[in-house]
Amino acid sequence: MKKKEVIVVGGGLAGLAAAMRLAENGCHVKIISVTQVKRSHSVCAQGGINAAVNLKGEEDSPLIHAYDTIKGSDFLAQQPPVLEMCLAGPRIIEMMDRFGCTFNRTPEGNIDFRRFGGTLYNRTAFCSASTGQQLLYALDEQVRRYEVNGLIEKFEHHEFLRLIQDEQGKARGIVMMDLFNLKLDILKADAVVIASGGPGLIFKRSTNSTFCTGAANGRLYMQGMHYANGEFIQIHPTAIPGSDKLRLMSESIRGEGGRVWVYGDSSKSMETPEGKMIPCGETGKPWYFLEEFYPAFGNLVPRDIGAREILRVIEAGLGIEGREEVFLDVTHLPEETVHKLESVLHIYQRFTGEDPRKVPMRIAPAVHYSMGGAWVDWPAADAPDRKTRFRQMSNLEGCFVAGEAEYQYHGANRLGANSLLSCIFGGLVTGVEVPRYLETLSESYGEVEEAPFKAALQEEEAFKQDLLSRNGKENVHKLHEELAHEMVQHVTVKRSNENLKKTIDFIKEIRERYKNISLDDTGSLHNQTYIFANQFQSMIELALVMTKGALLRDEFRGSHFKPEFSERDDQNWLKTTIASYNPNSDEPEITYEPVDTPYLKPIQRDYTKAKRIKPQLENIPTNIELPI
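In our numbering, the protein residues as written are -17 to 610.
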């Protein structure tokens, strides 16, 4: 096969890393992005990227990083890819430094590292508080080198609509839409990489960009792609409350010494993680409740724990001025420390009118990240069939998935600053695995008959005309508002089976009402209403995946908290949720597969004690080849 044509859907870190490595390996790559590549949602990541480089003499190591990640995931992360990601971390930092990424430096000129949640080590490299932006720009510069040489093309302001498969089910291209004029086109290829990010807009009031709808994954799910662990949604402890959406206040603020508190009330009491009842601070004085509950980790407990504790304090009636808010305070920090946080503090001042250098910030938990996503394969380095399987490939042959769009690396809870690492690592792995897959193909896309391409285009054209011609009484934006409200209320921090059942019924009702929408704009230029109406169909289906997965999982694990099932249940629930779409059923079909724990058996997550350990990971393969 002479020509190696690959489509990458998504212009964030995972997509760019994949495109760069694919071009290095001689592939011609077409990048599809709903926005300008340099405006992809990766640009919003603030605090840093994890790697156990150990420049601060703490005896940190990639094995300890893997231990923290697996433990932080509440043992639902897939251990083989986690281990290799953590082993690759230092090389990825070196690579990005070589590319010119503007990491903060120590006075000696070394890359600086800060602490982040879920660890006792300084292993988070950062670019002040705009790390995602700087990493994205550095990778884009590498991609531009290949653009000049004709190996990479960008289709910005275009949206993926459908995967095209041949008669054998192999990926052979996509249908895409020009977001300026709504024109539909076919792009042909022999492999497709999906790196389209997360589904935060399903909840609307999230920290995600407004184009993070999850629609690409939802459309693939409706074409038969398996969706894994959809019920695990990360709630970030600290965001600016808002009526439209929520804006992230980075974990780096706490990593640099920011403190979370409320005014104490000694007439009230709360239970500590160790089961003791203590008074809620001293009346009228700051109560640093995270520091009291978790003296070892303090304000840097994992995000699932931090969000739950903030909610618990608010429910106890201790929210600031009776609102669902607590304080995040940096007023005590020295100027040189505050300067590192300048970009994120500017966001707070811009949207609230208050100077966080002078008054504590008012923050609240917010939907932030999806640990779930496309099921992808990952044969371990020592697996006997390693050479006949392809890492990062979904159950749809030739369709690979990387970044937040897939499920492997974070389990039931993501550790802060592991996201950027997993995106780059997953993209690099994909850039190695796709060429291996292409070598197995007996024919190129050019030898495939035109029938599947024409059929896919006709199906999308028919759906487009259907949407534009609907003349019902429903407004798609109002439906979204109602769906998001129910999802935030019942499928975020605290869940109950009673409310989850009601939410499933409500989502089905939304799906029926969606059939009766009408669009207030039926034009073909810059029609945002049509674009969103097209996305909303698959958003509804992913909402059902999330909610049904949460309903069936009767335990407390990571971000999935059911007070009625208050313990982690490894005997029954140490397994991955797999959702499959059935067009003849009104609900997802849910199956499970066991989580392999070859290196670290499940232990209790305890963040109350300060104890740096040298973890004993078992059965580590000796033949790991990192994609750097």
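Note that the Cβ used here is the ideal one computed from N, Cα and C, for glycine as well. Just so we're clear, the structure is a prediction, and the values are computed from it rather than from any experiment.
Answer with buried or exposed for residue i, where buried requires no fewer than 16 other C-beta atoms within 10 angstroms of its C-beta.
{"i": "G385", "result": "buried"}
{"i": "L420", "result": "buried"}
{"i": "N509", "result": "buried"}
{"i": "N498", "result": "exposed"}
{"i": "M528", "result": "buried"}
{"i": "H328", "result": "exposed"}
{"i": "N211", "result": "buried"}
{"i": "N400", "result": "buried"}
{"i": "S424", "result": "exposed"}
{"i": "T474", "result": "buried"}
{"i": "K227", "result": "buried"}
{"i": "K436", "result": "exposed"}
{"i": "D42", "result": "buried"}
{"i": "M343", "result": "buried"}
{"i": "I146", "result": "buried"}
{"i": "Q553", "result": "exposed"}
{"i": "A592", "result": "exposed"}
In chain order, what residues of the same chain have a beta carbon less than 6 Å from the beta carbon of residue i, not counting five sequence neighbours either side?
{"i": "G(-7)", "result": "I13, S15, V19, S22"}
{"i": "G355", "result": "A387, E388, Y389"}
{"i": "S500", "result": "R452, N453, G454"}
{"i": "D551", "result": "E537"}
{"i": "R201", "result": "S520"}
{"i": "R236", "result": "N281, L282"}
Given residue i, which residues of its chain have a CB within under 7 Å of its CB, disregarding the five upstream and five downstream residues?
{"i": "P219", "result": "R285, G288, A289, I292, P347"}
{"i": "A177", "result": "V(-10), V(-9), G(-8), G(-6), A(-4), G(-3), A0, A384, G385, A387, G409"}
{"i": "Y512", "result": "L164, L449, L450, L501, D503"}
{"i": "M(-17)", "result": "In this prediction, M(-17) scores a pLDDT of 49, lower than 50, which makes its location untrustworthy; no coordinate-derived value is stated."}
{"i": "E66", "result": "I606, L608"}
In its own chain, which residues sit with a C-beta less than 8 Å from the C-beta of residue i, not counting the 5 before and 5 after it?
{"i": "M81", "result": "First, the amino acid is wrong: residue 81 is Phe here, not Met. Around F81: A120, L121, E123, Q124."}
{"i": "I489", "result": "L465, E468, I522, A525, L526, T529"}
{"i": "S478", "result": "H472, K544, P545, E546"}
{"i": "K483", "result": "L533"}
{"i": "E549", "result": "E537, F538"}
{"i": "P609", "result": "R3, A70, F407, L410, V411, G413, V414"}
Quick one: what's residue i bridged to in DSSP?
{"i": "I585", "result": "DSSP output for I585 lists no bridge partner at all."}
{"i": "A346", "result": "A221"}
{"i": "G355", "result": "A210"}
{"i": "K20", "result": "Partner(s): none; K20 has no beta bridge."}
{"i": "E575", "result": "T558"}
{"i": "T106", "result": "N32, R96"}
{"i": "A153", "result": "Q147"}
Grouping DSSP H, G and I as helix and E and B as strand, with all else coil, what is residue i?
{"i": "W555", "result": "helix"}
{"i": "I134", "result": "strand"}
{"i": "D172", "result": "coil"}
{"i": "D502", "result": "coil"}
{"i": "D160", "result": "strand"}
{"i": "F488", "result": "helix"}
{"i": "M(-17)", "result": "Note on M(-17): pLDDT 49, under 50, position unreliable in the model; no value is reported."}
{"i": "L166", "result": "strand"}
{"i": "P565", "result": "coil"}
{"i": "D148", "result": "coil"}
{"i": "A387", "result": "helix"}
{"i": "S112", "result": "coil"}
{"i": "D247", "result": "strand"}
{"i": "T313", "result": "coil"}
{"i": "K436", "result": "helix"}
{"i": "P268", "result": "strand"}
{"i": "M521", "result": "helix"}
{"i": "P261", "result": "strand"}
{"i": "L230", "result": "strand"}
If you draw a straight line from the alpha carbon of residue i to that of residue j, how long is it in whole angstroms?
{"i": "H542", "j": "G54", "result": "13 Å"}
{"i": "N190", "j": "G398", "result": "15 Å"}
{"i": "A111", "j": "R294", "result": "28 Å"}
{"i": "E642", "j": "V157", "result": "The requested residue 642 is not part of the displayed model; the chain covers only -17 to 610."}
{"i": "R154", "j": "E431", "result": "11 Å"}
{"i": "G393", "j": "F214", "result": "8 Å"}
{"i": "I93", "j": "D367", "result": "40 Å"}
{"i": "I134", "j": "R495", "result": "42 Å"}
{"i": "F185", "j": "V349", "result": "7 Å"}
{"i": "R87", "j": "E317", "result": "17 Å"}
{"i": "K583", "j": "T558", "result": "16 Å"}
{"i": "E141", "j": "N199", "result": "12 Å"}
{"i": "K(-14)", "j": "A362", "result": "26 Å"}
{"i": "V308", "j": "A438", "result": "50 Å"}
{"i": "N131", "j": "R418", "result": "23 Å"}
{"i": "H459", "j": "A197", "result": "15 Å"}
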